[in-house]
Amino acid sequence: LLKHLEEVATTRYKSGRTSYQDVAKVQIQRQTLAEELVNWQQRQQAQQERLKALLDLGGSVRLARPVMTTPRLQVPARSVLTGLALEKRQELRRLRAKVEKMEHMILMAETMLQPTYGPNLSRYDNRPVQAVGSGAVKAPFNIRTTAQRGAGLPKMPWYGTEDAYLRETRQKLLALRSDLADAEAQTRFMVEDGWRALDQAVREEKLYRRSVVDLSETSLTVSTREYEAGKIPFAEVISSHTTWLKSRLTLARKQSDIGEARARLLRVVGGIWP
């Protein structure tokens, strides 16, 4: 487009209908854009080298051009994503596993160090002579509760020696449960933020694809024809061209934003949603 515009400006300058400033301006625009294209090509090469380093590929490996794909415009419901994230997110599953592990640790320690109390009143020794009548020397049933590990098992001689460890572990369990609750709250926020970014990218992509790009292209065509006819100054043509270029670049950027927002949301959720 700039080359065509340069030809138009040159023709008008030769015919004396415009000044050389128009020709110089379009040449500056074209050369600047060509230099920017070279910079983008160099950035692409640097990105390829970074990608090969990430994949641990050799320097002789050449990467193919990325496949151009149409972004998916479906935005799932927030309630579905929140439920999936609370269920499948790896960070939450790891914290829940730690909580369950510590609960089992406390249960085992309590069984070993703090045996349950049993009344032990149902055991009856077959000693009727010593246990009944006025000459009984022993009660037929136990009248005291004793600490024991289980029914009929011996008493625990080291009862309560590790009580401080149990209290510390219980406090750690409470702290871990608080961390889990905080992580769940952070997950809800991250899902909300990721869903908002995806929804915004989809809406803006539709706006540029359906309206802005077409309008800017129509404005550029009309401005070019009016400049050829000598009805408008050269500055309006450059402004129309800049607007059209920015709208096309913005459309591509919004399509890329959809993919990035979807990838971030997949990372938060911990899996692909239905």
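Count along the sequence shown from 1, add 45, and you get the number used in the working numbering. We put the CB at the ideal spot given by N, CA and C, even for glycine. Since we're looking at a predicted model, the values are computed, not measured.
- For the 8 Å CB-CB criterion, F279 and A79 do not form a contact.
- Taken through DSSP and simplified to helix, strand or coil, T115 comes out as coil.
- It is roughly 12 Å from the alpha-carbon of K97 to the alpha-carbon of Q89.
- With 16 or more other Cβ atoms inside 10 Å of its own Cβ, T232 counts as buried.
- A direct Cα-to-Cα measurement between T295 and G103 gives close to 35 Å.
- With a threshold of 16 other beta carbon atoms within 10 Å, I283 meets it and is buried.
- Distances from the CA of L50 to each of R298, T287, A308, R141 were compared; the closest alpha carbon is that of T287.
- Secondary structure of L100 (DSSP, three-state): coil.
- For D302, the closest alpha carbon among the candidates L126, V83, A246 is that of A246.
- In the structure shown, G128 falls within a helical segment according to DSSP collapsed to helix, strand and coil.
- V144 and L260 do not touch by the CB rule: their CB atoms are close to 57 Å apart, not below 8 Å.
- Beyond the five residues adjoining it in sequence on each side, L221 comes within less than 8 Å, by CB distance, of L140, K143, V144, M147 in the same chain, given in chain order.
- Shown here, R309 sits in a helix according to DSSP, grouped into three states.
- In the DSSP annotation of this structure, R62 is not part of any alpha helix (DSSP H), being labelled neither H nor E.
- Linking G316 to R117 through their CA atoms gives a straight-line distance of about 17 Å.
- The alpha-carbon separation between L99 and M153 amounts to approximately 45 Å.
- Going by DSSP, R134 is part of no alpha helix (DSSP H) at all; its letter is neither H nor E.
- According to the DSSP assignment, A226 belongs to the alpha helix (DSSP H) that extends over 208-252.
- Look at K143 here: in three-state DSSP terms it is helix.
- Per DSSP, reduced to three states, the secondary structure at K299 is helical.
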